[in-house]
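Trainee:
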Ligand SMILES: Cc1ncc(C[n+]2csc(CCOP(=O)(O)OP(=O)(O)O)c2C)c(N)n1
Ligand SMILES: [Mg+2]
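Chains as they are written, first to last, in the numbering used here: chain A, 55 to 374; chain B, 2 to 325.
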């Protein structure tokens with residue numbers, strides 16, 4: 055990969071991190087409402103994965119979607135404005151943290167019903183198969199989502215119908231407060247692909263380059279072989295499940311252990327070791343990301359609220 | 002009398018029934034180690050253990066289906082849906098299995114199951130997480146649907162639900178856990194299927210339940226300041242629906258407003274209004290007015306969401322309209 059792309063990936067990871075750190079503050083200050091699930095700790099997953107897609111490859115994910123939105127090319131302004139419920143937000147303030155989507159960026163949404171978007175992902179691929187193209191649909195979901203029927207129905211359908219879906223399980227070890235071991239019959243999510251005769255691989259999700267390489271291979275295989283594949287990307291969320299999680303289910307020691315494995319720090323080390331960038335150059339990127347976030351907050355704060363008269367808009371395509 | 006919150010009332014009902022009857026157990030997402038997403042079962046896991054306070058995978062069909070199975074063979078499971086919005090992921094069990102099994106197999110089966118579910122909007126959770134779909138569940142014969150609006154009723158009705166030999170959907174409101182009220186000391190039960198006058202008045206009848214009750218009580222206070230005395234009938238149970246107190250009140254006031262948080266079309270208000278016309282047509286002095294949610298999926302933006310949800314001012318305006 056060329057240096058420019060490496061640094062772009064680094065920039066996106068830092069941008070996600072800063073955006074969410076500031077987002078958490080704005081949430082505490084009461085400027086963001088509803089449920090907000092931070093991606094902090096998992097940035098390498100969507101960054102490595104989405105760097106490997108072609109723009110025509112479709113994305114769909116769950117509610118932990120800020121990172122995916124940024125990597126998909128939705129601007130920090132539009133993400134921040136959505137968090138603040140402004141009309142300039144990517145979903146016009148209607149969706150909030152959990153519901154970012156951009157048809158233009160081929161990002162088909164964050165979805166908040168656990169597992170609910172998996173059959174829809176199969177449908178995106180079905181639509182493409184029907185149209186006769188070889189676009190790949192990349193569908194991301196959590197470890198917890200692999201225990202619900204939606205997952206199994208969708209994988210079975212995708213394999214049976216040769217649908218081009220790359221299933222990407224972000225195994226952050228917990229579904230809310232429940233460990234994988236307490237909720238899943240098998241401890242490696244990738245084993246679940248075996249039952250559907252589907253290829254799979256388990257990847258280190260703290261190493262953005264490992265994620266990138268595995269994703270590129272997997273996307274290529276899905277495209278050329280015209281069949282689904284499953285990636286299990288092992289990661290960890292540094293923050294609570296959502297804002298206000300008392301975190302009684304894990305120890306601070308465990309969190310600290312994983313934080314020592316920070317995906318941004320790991321990538322930084324790799325970049326400097328291979329002389330792709332100096333510390334100073336990376337510091338400058340950090341500063342640029344920080345500025346982008348501050349600009350986004352200014353933009354969002356200055357943006358107007360949606361018009362009350364628009365309450366009934368978009369319930370249907372045609373007004374009723 | 003003790004003054005407690007609805008959260009404490011529900012928690013006490015669960016605790017007391019689990020202490021009383023070993024066949025009662027809880028299963029659901031995050032009910033155990035986490036202590037319940039709304040902290041209703043905080044402390045239960047340590048006291049009753051993992052067998053009786055079961056953390057489940059995220060699998061609503063498996064939760065509901067297995068609860069029905071255990072109920073069939075004599076246990077009294079309390080299945081918790083983290084929110085009622087996830088009921089749609091297990092709709093078959095709630096409306097197509099639990100309510101049908103006894104009837105379809107000639108009365109051989111019993112399904113002593115309680116499904117606890119939290120509903121309601123107003124917390125900026127977006128369209129899929131903010132619904133008040135109570136009415137659709139009340140459509141199905143064979144299912145009892147209970148939705149209390151006070152701590153006293155929450156405790157007494159939940160205990161009755163747990164002791165009921167039929168499946169009961171017990172709907173709580175996410176923004177009402179902190180509502181405080183008096184509850185009797187010691188053991189008491191409140192029967193399912195009985196409406197209750199929560200406020201006496203002679204000018205107008207307000208029919209409400211759950212969040213609608215909260216709005217109506219506030220509206221009634223405001224109206225009293227203007228010399229209008231509203232009588233509030235709290236349905237408490239949507240199925241079986243007890244219309245008697247409603248009809249008696251209406252025969253006195255001749256005017257009614259129905260308040261619910263769900264959508265107006267095909268809602269609780271529609272049912273109550275139709276029954277008023279069927280059962281007390283000669284007493285009607287003005288068309289029944291329904292206060293309900295605007296016909297849109299709930300948006301995230303706070304101002305938009307509040308504009309879509311029924312408010313105290315809507316209840317006040319509706320009362321003035323029927324009194325005009
Ligand atoms: C059908 C359904 N059931 C329950 C929930 C509540 N819920 C939201 S997120 C979540 C945990 C999901 O865990 P996982 O899939 O591992 O994703 P993570 O949050 O770890 O990213 C639960 C139980 C839901 N949104 N939808
Ligand atoms: Mg998880």
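Don't be surprised by glycine CBs; every beta carbon is placed ideally from N, CA and C. Remember, predicted model here, so these are calculated numbers, not experimental data.
1. In chain order, what residues of the same chain lie with their CB nearer than 6 Å to the CB of residue 139/A, ignoring the 5 residues before and after it?
2. Mapping DSSP to helix, strand and coil, what is residue 285/A?
3. Cα separation between residue 152/A and residue 254/B?
4. Report yes if the CB atom of residue 248/B is closer than 8 Å to the CB atom of residue 280/B, and no otherwise.
5. Between the stretch 220 to 234 of chain A and chain B, which residues of the former have a C-beta closer than 7 Å to a C-beta of the latter?
6. Assuming residue 46/B and residue 8/B are in contact, meaning their beta carbons sit under 8 Å apart, how far apart are those beta carbons, in whole angstroms?
7. Alpha carbon to alpha carbon, what distance is there between residue 288/A and residue 112/A?
8. Indicate whether residue 153/B and residue 127/B have their beta-carbon atoms separated by less than 8 Å.
9. Determine, using beta carbons only, whether residue 294/B and residue 309/B come nearer to each other than 8 Å.
10. Excluding the 5 residues preceding and the 5 following residue 313/A in the sequence, name in chain order all residues of the same chain whose CB lies nearer than 8 Å to its CB.
11. Note down, in chain order, every chain B residue with its Cβ under 9 Å from the Cβ of residue 238/A.
12. Among the candidates 70/A, 120/A, 108/A, 250/A, whose CA atom is the shortest distance from the CA of residue 89/A?
13. Quick check on DSSP: helix, strand or coil for residue 297/A?
14. Does DSSP put residue 89/A in a helix, in a strand, or in coil?
15. Against chain B, with Cβ distances strictly below 8 Å, would residue 88/A count as a contact?
16. What residues in the stretch 286 to 318 of chain A bring their beta carbon closer than 7 Å to a beta carbon of chain B?
17. Thinking C-beta only, is residue 346/A closer than 8 Å to residue 130/A?
18. Nearest-angstrom Cα distance between residue 103/B and residue 189/B?
19. Rounded to whole angstroms, what is the Cα-Cα separation between residue 303/A and residue 311/A?
20. Check whether the Cβ of residue 34/B lies closer than 8 Å to any Cβ atom in chain A.
21. What residue range does the alpha helix (DSSP H) around residue 14/B cover?
22. Is the Cβ-Cβ distance between residue 224/A and residue 196/A less than 8 Å?
23. Would you say residue 98/A and residue 309/A are within 8 Å of each other, going by their C-beta atoms?
24. So with Cβ pairs under 8 Å, would you call residue 360/A a contact of chain B?
25. What residue does the alpha helix (DSSP H) around residue 71/A start on, and which one ends it?
26. Considering Cα atoms alone, identify which of 234/A, 374/A, 337/A, 220/A is closest to residue 280/A.
27. Any heavy atom of ligand 1 within a distance shorter than 7 Å of the CB on residue 81/B?
28. Ligand 2 and residue 201/A: does the residue's C-beta get closer than 7 Å to at least one heavy atom of that ligand?
29. Find the nearest neighbour of residue 34/B within the set 138/B, 17/B, 57/B, 99/B, judged by alpha-carbon distance.
30. Keeping to the same chain, check which residues put their C-beta closer than 6 Å to that of residue 272/A; ignore five residues upstream and five downstream.
31. Got a sec: is the Cβ-Cβ distance from residue 97/B to anything in chain A below 8 Å?
32. Could you check where the beta strand (DSSP E) with residue 294/B kicks off and where it finishes?
33. Using DSSP with H/G/I as helix, E/B as strand and the rest coil, what is residue 269/B?
34. Going along chain A, which residues have a C-beta under 7 Å from residue 303/B?
35. Can you find a CB in chain B that lies within less than 8 Å of the CB of residue 174/A?
36. Would residue 150/B pass as a contact of residue 232/B if the rule is Cβ separation under 8 Å?
Mentor: Judging by the given coordinates:
1. 147
2. strand
3. Approximately 47 Å, taken between the alpha carbons.
4. yes
5. Residues 229, 230, 231, 232.
6. The pair is not a contact, with the Cβ atoms about 17 Å apart (cut-off 8 Å).
7. 22 Å
8. no
9. yes
10. 95, 292
11. 58
12. With distances taken between CA atoms, residue 89/A lies nearest to 120/A out of 70/A, 120/A, 108/A, 250/A.
13. Residue state, collapsed to three classes: coil.
14. coil
15. So yes, residue 88/A belongs to the interface.
16. So the close ones are 302, 303.
17. A contact, by the Cβ cut-off of 8 Å.
18. 28 Å
19. Here the alpha carbon of residue 303/A sits roughly 16 Å from the alpha carbon of residue 311/A.
20. yes
21. 7 to 21
22. yes
23. no
24. For residue 360/A, the closest Cβ of chain B is nearer than 8 Å.
25. 57 to 82
26. 220/A
27. no
28. no
29. 57/B
30. 220, 283, 285
31. Not closer than 8 Å to any Cβ of chain A, the Cβ of residue 97/B fails to qualify, so no.
32. 290 to 294
33. helix
34. 87, 139
35. no
36. Contact flag unset, no.
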